[in-house]
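Asker: Attaching a single structure in structure tokens format; questions to follow.
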Amino acid sequence: MSLDARAMDSVFKALADPTRRLLLDRLREHDGQTLSELSERLNMARQSATQHLDVLERADLVTVVRRGRERLHYLNPTPIHEIEERWISGFGKLRRRAISAVENQAATYVHITYIHASAEQVWQALTDADLTARYWGHANVSGWRPGSTWEHQRVDGSGVVDVLGRMVRAEPPTRLVITFGSPGEPSVVTFLVEPHHDIVRLTVTHENLPNQEMLTGVSHGWPAAVANLKSLLETGEVLPQAPWDMSRAHA
Numbered sequence: 204m205s206l207d208a209r210a211m212d213s214v215f216k217a218l219a220d221p222t223r224r225l226l227l228d229r230l231r232e233h234d235g236q237t238l239s240e241l242s243e244r245l246n247m248a249r250q251s252a253t254q255h256l257d258v259l260e261r262a263d264l265v266t267v268v269r270r271g272r273e274r275l276h277y278l279n280p281t282p283i284h285e286i287e288e289r290w291i292s293g294f295g296k297l298r299r300r301a302i303s304a305v306e307n308q309a310a311t312y313v314h315i316t317y318i319h320a321s322a323e324q325v326w327q328a329l330t331d332a333d334l335t336a337r338y339w340g341h342a343n344v345s346g347w348r349p350g351s352t353w354e355h356q357r358v359d360g361s362g363v364v365d366v367l368g369r370m371v372r373a374e375p376p377t378r379l380v381i382t383f384g385s386p387g388e389p390s391v392v393t394f395l396v397e398p399h400h401d402i403v404r405l406t407v408t409h410e411n412l413p414n415q416e417m418l419t420g421v422s423h424g425w426p427a428a429v430a431n432l433k434s435l436l437e438t439g440e441v442l443p444q445a446p447w448d449m450s451r452a453h454a
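Okay, so the sequence shown: first residue is 204 according to the numbering used here, each after it adds one.
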């Protein structure tokens, strides 16, 4: 879904300040920094940095992931990509800037969305094989206990497992952590479900990505899968066309 007018106004307002643009540059160079790290790199008081980061977070240009007592800040390129789609691509400009932004990102990808559902419903959608088969095109099969295997199985009857991993952590209905891919040096995916009244914020953090090819793949794959999940929970139906097909068509 494109940014609405209010959201776009907040993005342009956030980007209008040179200090906030500098903060985004620092996160592009090194993603996942704490407030202290950003303040030190910019020689800025923590209070001033906090104020600027709050503006960037409200504009969805920065995503915050909590790790114990630490708050790690990640660049979220999605609003900038939305602006590129509306204001640049429509006039025939090439997509090099968006591609370059993805290439320059660190080996962590963060995607955040808001869903009109309960935390329990989102947890079930993440862990129920039948539901994942509906919105993902693959059944996620696991015992959902730490140490158990996690299989991303095709639903064409072949039984083929396209991605294999293990359960690392399960705290229903708020936190799920799995390994993803190669058993030697697997990447790690964390699903964080944060309820707020009648909605939840779902944050998907994919870390330890081994190469640019995988980073590019997950940057298309996670938004598509989460969009289908959101549609299923909010409307009872998945999107009328597979969103990952659109990602490939516009790559």
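Glycine included, C-beta positions come from ideal geometry on N, C-alpha and C.
#1: What is the DSSP secondary structure of R272, reduced to helix, strand or coil?
#2: Assuming R229 contacts L241 (C-beta within less than 8 Å), just tell me the rounded distance between them.
#3: Could you tell me which of E260, E374, L226 sits nearest to R244, measuring between CA atoms?
#4: Under 8 Å between the Cβ atoms of R274 and V267?
#5: Would you call the CB atoms of I184 and V325 closer than 8 Å?
#6: Within a Cβ cutoff of 8 Å, which residues of the same chain sit near A248, ignoring the five residues on either side of it in sequence?
#7: Helix, strand or coil, according to DSSP, for S213 in the structure here?
#8: Do you know how far the Cα of N414 is from the Cα of A309?
#9: Does the Cβ-Cβ distance between S321 and A262 come in under 8 Å?
#10: Could you check the C-alpha separation between M211 and R404 for me, to the nearest Å?
#11: Out of H341, R357, L329, V358, state which residue places its alpha-carbon closest to the alpha-carbon of M370.
#12: By the three-class DSSP mapping on this structure, what secondary structure does T419 have?
#13: Between W353 and S345, which are expected to be in contact by the criterion C-beta below 8 Å, what is the C-beta distance as a whole number of angstroms?
#14: Under 8 Å by Cβ, that's how I've got T408 and T419 pegged, so tell me the actual separation to the nearest angstrom.
Answerer: By the coordinates alone:
#1: The answer is coil: DSSP assigns R272 none of H, G, I, E or B.
#2: About 6 Å separates the CB atoms of R229 and L241; that is less than 8 Å, so the two are in contact.
#3: The option with the nearest alpha carbon to R244 is L226.
#4: Yes. Within cutoff.
#5: Residue numbering for the chain in the displayed model covers 204 to 454; residue 184 lies beyond these limits and cannot be assessed.
#6: The answer, listed in chain order, is S242.
#7: The answer is helix: DSSP assigns S213 an H, G or I state.
#8: Since pLDDT at A309 reaches only 44, below the 50 mark, its modelled position is unreliable, and no value is offered.
#9: Result no, Cβ atoms of S321 and A262 do not sit closer than 8 Å.
#10: Rounded to the nearest angstrom, the two C-alpha atoms are 20 Å apart.
#11: Nearest C-alpha to M370: L329.
#12: It is helical.
#13: Confirmed, Cβ separation roughly 4 Å.
#14: Taking the Cβ atoms as the reference, T408 lies roughly 17 Å from T419, outside the contact range of under 8 Å.
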